[in-house]
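Report on one structure; see the data block that follows.
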């Protein structure tokens, strides 16, 4: 894909997400609770006040393992034994919905899994944030894609991919027509046919690994985060304290400087 096309797609998504975040509030994405929350700082329903909106959201402001975080060189420990990420996806029917604070692709049926610590997590949905939620050495990227997985006990693992404008991405290109149709209408959804999540796989890349939380209410902790850095008004939750957590980084052999 030509870099100008790539840039156009990211800007389209960014504009859509920013437009949505300008609305008064958005609904919690990982819970059925209908209370609303927002991203605008220092407002009644902004991130600093999420825990006061619902007693079950106390972790949002009082938890010690919250996400997103800044992945700094000082906090990262190389862990070569993490190995390449073991994931196998397959094409599946999907729908796209404008959730009021992001655009989600929800899969129907078995679309594959990622294996982490010998446990399989099934891919359920993916969505975008712009700008990125996580930062690397203080820098936020143009966009962040989240692939959300659950295991048989409803434990969650999220793969995040940080994007820069200017790098080719076939996955975004296939979804562009649908994104355009729902980008400016909250709660609008559309069946988009078969989507192939394999197009977002990035096997030969550096990734970060740490334990964190959902980035929206109820801010549940115990989420396994895997962040890829693809050489590729605010809708990102403020960065959270590291609180002495371990952050591991896997560097493929050709990139190591042992």
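In mature numbering (1 follows the signal peptide of the UniProt record, and there is no 0), the protein residues as written are -28 to -1, 1 to 230. Every residue, glycine too, gets a C-beta built ideally from N, C-alpha and C. Just so it is clear, the structure is predicted and the values come from calculations on it, not from any experiment.
Beta carbon of residue i nearer than 8 Å to that of residue j
i	j	result
residue 98	residue 118	yes
residue 199	residue 110	no
residue 56	residue 86	no
residue 114	residue 93	no
residue 151	residue 75	yes
residue 14	residue 211	no
residue 84	residue 65	no
residue 63	residue 178	no
residue 40	residue 187	yes
residue 108	residue 201	yes
CA-to-CA distance, residue j to residue i, given in whole angstroms
i	j	result
residue -7	residue 52	Only weak support exists for where residue -7 lies, its pLDDT of 43 falling under 50; the value from the coordinates is given anyway. Computed Cα separation, rounded: 42 Å.
residue 112	residue 181	17 Å
residue 183	residue 130	10 Å
residue 20	residue 33	7 Å
residue 46	residue 61	34 Å
residue 218	residue 125	24 Å
residue 88	residue 54	9 Å
residue -1	residue 143	For residue -1, the predicted structure reports a pLDDT of 41, less than 50, and the residue's modelled location is therefore unreliable. The matter cannot be settled from this model.
residue 168	residue 157	25 Å
residue 153	residue 171	22 Å
residue 120	residue 77	10 Å
residue 90	residue 197	15 Å
residue 155	residue 213	33 Å
Cβ-based neighbour list, residue i, same chain, cut-off 8 Å, excluding 5 preceding and 5 following
i	result
residue 31	23, 38, 185, 190, 191, 192 and 193
Cβ neighbours of residue i in the same chain (closer than 6 Å, five flanking residues each side left out)
i	result
residue 128	122 and 195
residue 208	For residue 208, the predicted structure reports a pLDDT of 46, less than 50, and the residue's modelled location is therefore unreliable. The matter cannot be settled from this model.
residue 215	36
residue 116	101, 104, 105, 132 and 134
residue 28	190
residue 79	64 and 66
residue 44	109
Check: residue i C-beta below 7 Å from any heavy atom of the ligand MN
i	result
residue 163	Although the ligand MN was asked about, the structure shown includes no ligands whatsoever.
Report task. Let me know the alpha helix (DSSP H) ranges lying completely inside the region 131 to 166, each 4 residues or longer, listed in chain order. Result -> 142 to 154
Query raised in the report: Within the chosen definition, does the region 61 to 71 reach the region 159 to 173 through at least 3 CB pairs nearer than 8 Å?
Result: yes
Query raised in the report: Which ranges does the beta strand (DSSP E) cover as unbroken runs of at least 3 residues, wholly within the region 57 to 105, from first to last along the chain?
Result: 58 to 61, 64 to 70, 75 to 79, 84 to 88 and 91 to 101
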